[in-house]
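When you read off a place in the sequence shown, starting at 1, and then add 16, the result is the number in our numbering.
C-beta atoms are modelled at their ideal positions from N, C-alpha and C, and glycine is treated no differently.
Take a look at the structure below.
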Amino acid sequence: SCTVFLQVAPRPKLLLGLRRMVAKKRKHSATEPAAAQAEHSDGSDGCLPEWVAAASWVRSCGGTVHEALAMSCSREVNVTAAVSEGALLLRIPEQCLVTLSAAESSAAGKKIFKAVSIVKAKLHNSSNDVALAMFLAFEMNAGSRFKDYAATLPPRASYNGLPRRWSDKKLARLLTGSPLLERTRRDREGLRQDYDLVASRWKSVDVALPSLEHFDQALAAVSSRAFAGLGGDELDAMVPLLDLLDHRRGVGQAKDTQYKRAADGAVEVRAQRALAAGSAVYLTYGAKGNAQLLSCYGFCLRRNVEPDGSSNDVLEFTLPGATVALRAGPKAYTYGPFVKAIEMLRATQRKSVPSPAGGL
């Protein structure tokens with residue numbers, strides 16, 4: 017079959033429902049009682065104790081956490097004092113990164129790699145994501161070297177904005193007419209399938225396989241929080257503290273931070289611009305359509321448009337043949353794919369109905 021992607025604004029009805037029910041990624045659930053959120057505060061400066069503990073751990077490993085950085089009980093990372101442009105905000109040593117290399121060096125990780133490698137060809141999700149999620153699920157419950165990082169991860173319920181966790185009724189109400197509906201159903205089935213496949217090859221007696229619930233939570237964390245290429249060898253990495261920053265991108269939005277992998281494997285984060293005291297600190301997850309933002313991160317943007325006027329949103333249209341991505345915006349983005357789609361339509365018509373004189 018052929019799928020044509022039309023990059024246009026999402027349907028108002030869909031966004032209305034999503035705005036009502038999908039909380040921002042990496043925040044506490046909108047339905048979480050204020051008292052429950054207050055429990056996360058250390059009661060002094062309002063900075064989450066999980067942030068304080070993780071920052072202390074990073075520093076003890078030779079890393080850097082800017083003294084002005086903090087995270088409130090609402091899980092918003094901000095600066096408590098003015099920060100100048102170019103200032104080093106974070107330096108997370110390689111030993112603090114949750115990566116496949118870190119997994120491979122642990123006893124549990126070795127067993128995970130062995131089981132995943134056997135069923136690799138049958139997995140719905142990428143084998144790297146499954147292995148990293150299994151390792152993270154183990155670390156979330158083992159209380160080992162990454163315990164301070166694991167404590168900063170959101171509670172399981174905070175991932176309920178992901179469509180694969182919605183009820184069938186909610187899926188039908190919000191996603192009917194969208195290709196994301198079937199994709200979500202496949203993702204839901206694929207998660208259980210991947211877990212069962214790994215479980216079927218789990219032979220360890222001394223190391224227990226994480227539960228499906230913990231794997232589900234860890235896979236949600238990996239799909240929404242891992243940074244591409246920061247784990248070395250172009251592999252993903254879970255980066256403590258950096259992954260607590262929220263997404264901001266689009267027309268009129270300034271870029272707060274930039275990050276890179278240093279020669280020694282550490283991840284360095286610098287202020288892209290001067291930050292005023294009390295301001296939140298953001299990063300960008302990249303130019304992603306609302307379908308991808310929703311399925312991977314659990315939220316949508318009302319105006320998901322780049323500074324050059326191109327839309328990031330995708331509407332899929334299916335034809336027999338191949339896949340074309342159509343975008344709304346400047347001609348440089350839209351014309352070529354649109355012409356290709358027209359040619360595909362012509363080819364489809366020629367196969368089904370004799371072309372009249374003059375063609376399509």
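Would you call the CB atoms of residue 305 and residue 329 closer than 8 angstroms?
Yes.
By Cβ distance, which residues of its chain are closer than 7 angstroms to residue 135, with the 5 residues on each side in sequence left out?
213, 214, 217.
In whole angstroms, what separates the C-alpha of residue 351 from that of residue 260?
Rounded to whole angstroms, residue 351 to residue 260 spans 38 angstroms at the Cα level.
Grab me the residues of residue 63's own chain with a C-beta within less than 8 angstroms of its C-beta, minus the 5 sequence neighbours each way, in chain order.
Excluding residues within five positions, the ones whose Cβ falls inside 8 angstroms are 57, 86, 87, 88.
Any idea if residue 190 is buried or exposed, counting beta-carbon neighbours within 10 angstroms, 16 or more meaning buried?
Buried is the call here.
Identify, in the order they occur along the chain, each residue of the same chain with its Cβ nearer than 8 angstroms to the Cβ of residue 208, setting aside the five sequence neighbours on each side.
Excluding sequence neighbours, residue 208 sits near 228.
Of the choices 187, 93, 275, whose alpha-carbon is the least far from that of residue 311?
For residue 311, the nearest C-alpha among the options comes from 187.
Output needed for residue 43: all residues of its chain with C-beta closer than 6 angstroms, excluding positions within five of it in sequence on either side, in chain order.
Note on residue 43: pLDDT 36, under 50, position unreliable in the model; the coordinate value appears next. The residues are 91.
May I have a chain-ordered list of the alpha helix (DSSP H) segments no shorter than 4 residues that lie completely inside the segment 83-153?
Those alpha helix (DSSP H) runs which fall completely within the segment 83-153 and span 4+ residues are 116-120, 123-135.
What residue range does the beta strand (DSSP E) around residue 341 cover?
339-343 is the span of the beta strand (DSSP E), which, as asked, contains residue 341.
What residue range is occupied by the uninterrupted beta strand (DSSP E) comprising residue 284?
Note, residue 284: beta strand (DSSP E), 283-287.
How many whole angstroms separate the CB atoms of residue 231 and residue 153, which I take to be in contact at a CB cut-off of 8 angstroms?
About 5 angstroms; that satisfies the 8 angstroms criterion.
With a threshold of 6 angstroms on Cβ separation, who are the neighbours of residue 345 within its own chain once the five nearest residues in sequence on each side are excluded?
Answer for residue 345: 325, 326, 327, listed in chain order.
Pop quiz: residue 256 and residue 128 are said to be a contact at Cβ under 8 angstroms. What is the actual Cβ separation, rounded to whole angstroms?
Rounded, the Cβ-Cβ distance is 20 angstroms, inconsistent with contact.
Please list, in chain order, all residues of the same chain as residue 246 whose beta carbon is under 8 angstroms from its beta carbon, the five residues on each side excluded.
Around residue 246: 113, 252, 253, 255, 275, 277, 283.
Should residue 295 go down as buried or exposed, given a rule of 16 or more other Cβ atoms within 10 Å for buried?
Counting Cβ neighbours within 10 Å, residue 295 comes out exposed, since fewer than 16 surround it.
Which residues mark the beginning and the end of the beta strand (DSSP E) in which residue 276 is found?
Looking at the DSSP string, the run of the beta strand (DSSP E) that includes residue 276 is 273-277.
Looking only at its chain, what residues have a beta carbon closer than 6 angstroms to the beta carbon of residue 234, apart from the 5 residues adjacent to it on each side?
Result list for residue 234: 149, 152, 153, in chain order.
For the alpha helix (DSSP H) that contains residue 222, what are its first and last residues?
Counting along the chain, residue 222 falls outside any alpha helix (DSSP H), and DSSP gives it neither H nor E.
For the pair the segment 176-186 and the segment 196-210, tell me if three or more CB-CB distances fall below 8 angstroms.
The answer is yes - the segment 196-210 touches the segment 176-186, with three or more Cβ pairs under 8 angstroms.
For residue 221, count the other beta carbons within 10 Å of its own beta carbon; 16 or more makes it buried, fewer makes it exposed. Which is it?
By the neighbour-count rule (16 or more Cβ atoms within 10 Å), residue 221 is not buried but exposed.
From this set, 168, 281, 147, which residue's C-alpha is nearest residue 73's C-alpha?
The option with the nearest alpha carbon to residue 73 is 168.
Count the other CB atoms within 10 Å of the CB of residue 357; is the residue buried (16 or more) or exposed (fewer)?
Classification of residue 357: buried, given that the 10 Å Cβ count is 16 or more.
Anyone know if the C-beta pair for residue 287 and residue 102 falls short of 8 angstroms?
Going by C-beta atoms, residue 287 is nearer than 8 angstroms to residue 102.
Name the residue from 133, 291, 161 whose alpha carbon lies nearest to the alpha carbon of residue 118.
Minimum Cα distance to residue 118 is reached at 161.
Can you tell me the Cβ-Cβ gap for residue 75 and residue 81, rounded? I've got them flagged as a contact below 8 angstroms.
Correct: roughly 6 angstroms between the Cβ atoms.
Enumerate in chain order the residues of its own chain whose CB-to-CB distance from residue 110 is below 6 angstroms, with the five nearest sequence positions on each side excluded.
Excluding positions up to five away in sequence, the list reads 281, 282.
Which residues mark the beginning and the end of the alpha helix (DSSP H) in which residue 313 is found?
That run of the alpha helix (DSSP H) goes 306-313.
Strictly by DSSP, which residues pair up with residue 80?
Bridge partners of residue 80: 107.
Do residue 301 and residue 263 count as a contact pair if the criterion is CB distance below 8 angstroms?
The answer is yes: Cβ separation under 8 angstroms.
So residue 272 packs on residue 299, CB below 8 angstroms; how close in whole Å?
About 7 angstroms; that satisfies the 8 angstroms criterion.
Looking at the strands, I want to know which residues DSSP matches up with residue 327.
Bridge partners of residue 327: 321.
Within its chain, find whatever has a CB closer than 7 angstroms to the CB of residue 55; leave out the 5 residues flanking it on each side and keep chain order.
Because residue 55 sits at a pLDDT of 42, beneath the cut-off of 50, its placement in the model cannot be relied upon, and the following sentence gives the value as read from the coordinates. No residues qualify anywhere along the chain.
Are the beta-carbon atoms belonging to residue 322 and residue 307 less than 8 angstroms from one another?
No, Cβ-Cβ distance for residue 322 and residue 307 is not below 8 angstroms.
Suppose you measure from the CA of residue 99 to the CA of residue 156; what does that come to, to the nearest Å?
So the two alpha carbons sit approximately 33 angstroms from each other.
Short of 6 angstroms in beta carbon distance, which residues of its chain neighbour residue 224, apart from the five on each side in sequence? Order them along the chain.
Result list for residue 224: empty, nothing under 6 angstroms.
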